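This report concerns only the one structure given below.
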Amino acid sequence: MAELVFFSGTMDCGKSTLALQIQHNRSTRGLLGLIFTRDDRAGTGRLSSRLGLVTEAIEADDGFDFHAHLVGLLTAGGRVDYVIADEAQFLSPEQVDQLARVVDDLGMDVYAFGITTDFRTRLFPGSQRLIELADRVEVLQVETLCWCGARATHNARTVGGRMVVEGAQVVVGDVRDAVGGDDVGYEVLCRRHHRRRLTAAAAGAGALSPEVLPVEAARRAD
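Residue numbers for the sequence shown follow the numbering used here, beginning at 395 and rising by one.
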């Protein structure tokens with residue numbers, strides 16, 4: 395039976411790398427797949443991993459219809475055995491419904507990859523719909539770490555190294571070391587430091603949040 399599988403995790407946990415690995419494994423067995431993406435860090439129509447691997451992909455913008463696209467290919471005599479959808483958190487709920495129809499009506503496995511929550515800890519609409527519809531939800535086991543060494547569970551948006559909690563839900567950026575400047579970036583944090591808005595840059599500069607406990611300040615001073 396074909397399945398809709400949602401692979402989820404925080405930023406920097408290897409989602410795109412796994413998508414490329416799945417594509418490689420199936421292509422070496424003679425299977426033909428289509429890769430879709432949305433707002434990849436490498437640019438339009440690209441699927442990239444932070445390990446430096448890049449492949450061509452079909453850009454699924456706001457008006458893209460997965461089911462209609464695949465039906466058109468099959469009607470024209472094409473062959474598609476499976477579908478990979480990266481950056482699936484950016485898809486609309488309607489597009490996720492289309493992916494479910496691809497599984498149910500066309501008998502194709504669909505592997506969707508995306509982060510679950512945004513920088514405000516709110517579910518992305520696409521991720522929410524995937525959780526509601528997926529046959530399986532797989533939480534990736536590659537453990538990302540907060541700057542303090544604890545397991546990172548939350549995605550934070552930074553501007554000039556400082557965490558922000560307001561703004562548009564989708565702003566394309568990348569996980570990187572917190573550095574100076576006013577560029578937009580992202581950082582993974584544990585829940586405690588996400589709640590206190592304490593990024594690596596703020597911790598390194600000694601810029602303490604009012605909520606930081608004295609014992610934590612003393613530990614950083616050592």
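Glycine included, each C-beta is placed from N, C-alpha and C at the ideal position.
Here the structure is a predicted model, which is why all the values come from computation and not from measurement.
#1: Just how far apart, CA to CA, sit Val558 and Ala594?
#2: Would you check if there are 3 or more beta carbon pairs closer than 8 Å linking the stretch 460-471 to the stretch 507-519?
#3: Take Asn419 as the anchor and find which of Leu524, Asp475, Val497 and Glu537 has the nearest alpha-carbon.
#4: By the DSSP assignment, the beta strand (DSSP E) with Asp503 in it spans what residues?
#5: Going by other Cβ atoms of all chains shown within 10 Å of its Cβ, with 16 needed for buried, is Asp499 buried or exposed?
#6: Taking the C-alpha atoms as reference points, what is the distance between Gly427 and Cys542?
#7: Could you tell me the alpha carbon to alpha carbon distance between Ala396 and Ile525, rounded to whole angstroms?
#8: Quick check: the Cα distance between Gln492 and Glu537, rounded to an integer number of angstroms?
#9: Where does the unbroken alpha helix (DSSP H) through Ala413 begin, and where does it stop?
#10: If you draw a straight line from the alpha carbon of Arg551 to that of Val578, how long is it in whole angstroms?
#11: In angstroms with no decimal places, state the Cα-to-Cα distance between Gly408 and Phe460.
#12: Excluding the 5 residues flanking Asp456 on each side, which residues of the same chain have their C-beta closer than 8 Å to its C-beta?
#13: What separation, rounded to the nearest whole angstrom, lies between the Cα atoms of Thr585 and Phe401?
#14: Can you name, in chain order, every residue of its own chain whose Cβ lies under 8 Å from the Cβ of Leu412, other than the five neighbours on each side?
#15: Use the C-beta contact count for Gly424: other C-beta atoms within 10 angstroms, 16 or more gives buried, fewer gives exposed.
#16: Between Gly555, Ala482 and Ile416, which has its C-alpha nearest Ala596's C-alpha?
#17: Given a cut-off of 9 Å on the beta-carbon distance, is the pair Val496 and Leu539 in contact?
#18: State the Cα-Cα distance for the pair Ala454 and Gly598, rounded to the nearest angstrom.
#19: Buried or exposed: where does Ser410 fall if 16 or more other Cβ atoms within 10 Å of its Cβ makes it buried?
#20: Looking at Asp480: is its Cβ nearer than 9 Å to the Cβ of Ile429?
#21: Answer yes or no: do Asp404 and Ile509 have a C-beta to C-beta separation smaller than 9 Å?
In this structure, then:
#1: 14 Å
#2: no
#3: Asp475
#4: Asp503 to Ile509
#5: exposed
#6: 40 Å
#7: 17 Å
#8: 31 Å
#9: Lys409 to Ser421
#10: 7 Å
#11: 24 Å
#12: Ser486
#13: According to the sequence displayed, residue 585 carries Arg and not Thr. Cα to Cα, Arg585 sits roughly 21 Å from Phe401.
#14: Phe401, Phe507 and Leu534
#15: exposed
#16: Gly555
#17: no
#18: 39 Å
#19: buried
#20: yes
#21: It should be noted that the sequence gives Thr, not Asp, for residue 404. Taking 9 Å as the Cβ cut-off, Thr404 and Ile509 qualify as a contacting pair.
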